[in-house]
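Residue numbers (this note's numbering): 13 to 531.
For glycine and all other residues, C-beta sits at the position ideal for the given N, C-alpha and C.
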């Protein structure tokens, strides 16, 4: 058990504030991310669940839009705040494990100059919340180890529930942690009153979401099946393991020292539960072919542990205390364009070419299709959206009548972008079958609707067959956008009722996805 430090953690708080301010100053470059358009939409349709998400992302989106706004800087406020909170908790973990000032500084610094975390806390999505919750879980476990107070167990149960309501992947932390308990003296928790209070509290908090899943025939299962077919099939063992090294390359010596601290150091022995939890997380994700970034929330506890070990190893050798952070910062500076989009687009493309051609590193440019591209996928997903909305407005102006027109988009990025930027054009309703948009798709539309603005990467044969007139209005031309060549069509003069066609398609799609036929 580490000796508790009662002094005010000035260094930790200062580092957290620096983290928060630095993220606010660098989070407005390029544009909205594809996923952010979905979460903006979730905030307009509050519910106890969504197609691919629990309710929390929608709630915090609503909170942001209602009190701050929907600008890029506004929707990225919470990610910046969560980044600062993660820095704070990482420093506090080092403090709880016996780390003095240098360990606390190094733990916080490691989060700030990691190759992965600056991008994690850049955009609004469930991932920054997820990393924060995992870090909170680890901090509460350490607090329990140091105090053996049941209140931290109960707090952990509540935190796990909130984490579950944000992203179901918290089970990748919880299951290994529960298994790891059996390998440590803390297995006594299984018979404690606090443990069952924590489990009960967690169950009560997540119950509304479970009921929602039941009412909608558990769409999370269909979503996971789609994810496994379209994305997880591209996950390889070597790619997963190499990503673990590259994610935190600039601070790799710290988290490796953290593993040594937890498994070999006498000072770290009380916290070995965290070491076994990390091993379990890796094994579980390897077994299930999980995405490599699912592990990111497990690294703050290793960085805190490693900072403690390095502080003990360095002792009074002041030059090493200067050298190690300097080396980390230089590595971070080298890779920082991959984490923070501060380079102009042309320079970013050249930097990517330098990474591949000169350094032989393409992992950070690899997309979900398993291929390396000119830009990181997240950056490519920030481009082309306003151009798309402009094309849709051009089609709408040609259609000429709001009451007889409907917009269909093939993916949620398109739908969300057209909704968001379309506010300035007063565009008609946007519909889609992508992600949670399928839940909001109207079962019936007005018989007066006889024009369809169709957005897709190709013209669907069923749509082409329905209309006598199909005009390609334009296509996204941005050379580096993931949406490049997305086409916008104005379809008019239907051969048969568009309302009947739409009703049939909605019924077919909901039947395919095992969703209840309502709306």
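If you reduce the DSSP assignment to three classes, tell me which class residue i lands in.
i, result
"residue 384", "strand"
"residue 442", "strand"
"residue 496", "coil"
"residue 378", "strand"
"residue 221", "helix"
"residue 113", "helix"
"residue 177", "coil"
"residue 234", "helix"
"residue 522", "helix"
"residue 470", "coil"
"residue 513", "helix"
"residue 367", "helix"
"residue 132", "helix"
"residue 359", "helix"
"residue 188", "helix"
"residue 85", "helix"
"residue 91", "helix"
"residue 453", "coil"
"residue 99", "helix"
"residue 164", "helix"
"residue 352", "coil"
"residue 208", "helix"
"residue 226", "helix"
"residue 58", "coil"
"residue 169", "helix"
Identify the continuous alpha helix (DSSP H) that holds residue i and give its terminal residues.
i, result
"residue 337", "330 to 347"
"residue 398", "397 to 411"
"residue 434", "424 to 434"
"residue 538", "The shown model of the chain, from 13 to 531, leaves out residue 538, and the question about it has no answer."
"residue 196", "It is not in any alpha helix (DSSP H) - residue 196 carries neither H nor E in the DSSP assignment."
"residue 23", "22 to 38"
"residue 76", "68 to 79"
"residue 393", "First-last for residue 393: undefined, no H or E at that position."
"residue 54", "46 to 54"
Can you tell me where the beta strand (DSSP E) with residue i in it begins and where it stops?
i, result
"residue 487", "479 to 487"
"residue 419", "417 to 421"
Quickly, what does DSSP pair residue i with across the bridge? List them, please.
i, result
"residue 503", "464 and 482"
Pop quiz: residue i and residue j are said to be a contact at Cβ under 8 Å. What is the actual Cβ separation, rounded to whole angstroms?
i, j, result
"residue 464", "residue 503", "4 Å"
"residue 123", "residue 315", "7 Å"
"residue 152", "residue 177", "Not a contact, Cβ separation roughly 17 Å."
"residue 310", "residue 283", "Not a contact, Cβ separation roughly 14 Å."
"residue 308", "residue 106", "With 8 Å as the limit, residue 308 and residue 106 do not qualify as a contact, their Cβ atoms being about 18 Å apart."
"residue 275", "residue 320", "No, residue 275 and residue 320 are not in contact; Cβ-Cβ is about 13 Å, not under 8 Å."
"residue 495", "residue 400", "6 Å"
"residue 412", "residue 387", "Between residue 387 and residue 412 the Cβ distance is about 38 Å, and since that is not below 8 Å, they are no contact."
"residue 231", "residue 63", "5 Å"
"residue 172", "residue 165", "In fact, because the Cβ distance is near 11 Å, the residues do not count as touching under 8 Å."
Margin query: Quick check on the DSSP output: what are the complete alpha helix (DSSP H) runs of length 4 or more inside the segment 252 to 330, in order along the chain?
Written below: 264 to 275, 284 to 300 and 311 to 326
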